[in-house]
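Worksheet for the structure shown next.
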Amino acid sequence: MKNQCRIKTTIKNPTIRFLFVALSFLIINIWIYLVWHDLSRLKRSKGQVFPHLFTLKQMHEFLRQAVDRNYGVACEVYLPSG
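Here it is, written out as structure tokens:
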């Protein structure tokens, strides 16, 4: 699962790479909590998991849309001349 949520980068700094790994584990754990806590309660079942109702890919898309909405999307990059 870690590789499904991994940030792809070429940064050599081990501190930043560790931060990205920690962030991916945090996102996965939040998704697992949401699936176990909210969806199992929604279906009124004890211990039964419904990951197909809210997939990790859907959570990635929700997070991407939230970041795009708050910070905008860079469509063009201008390089200084000279």
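If you want our numbering, it's the position in the sequence shown, counting the first as 1, plus 3.
The beta carbon of each residue, even a glycine, is placed where N, CA and C say it ideally should be.
Given the structure is predicted, the values throughout are model-derived calculations rather than measurements.
In the DSSP assignment, Tyr-81 falls outside any alpha helix (DSSP H), carrying neither H nor E. Look at Val-76 here: in three-state DSSP terms it is coil, with no helix or strand label. 9 Å or more divides the Cβ of Ile-10 from the Cβ of Phe-21. For Asn-16, the secondary structure class from DSSP, reduced to helix, strand or coil, is coil.
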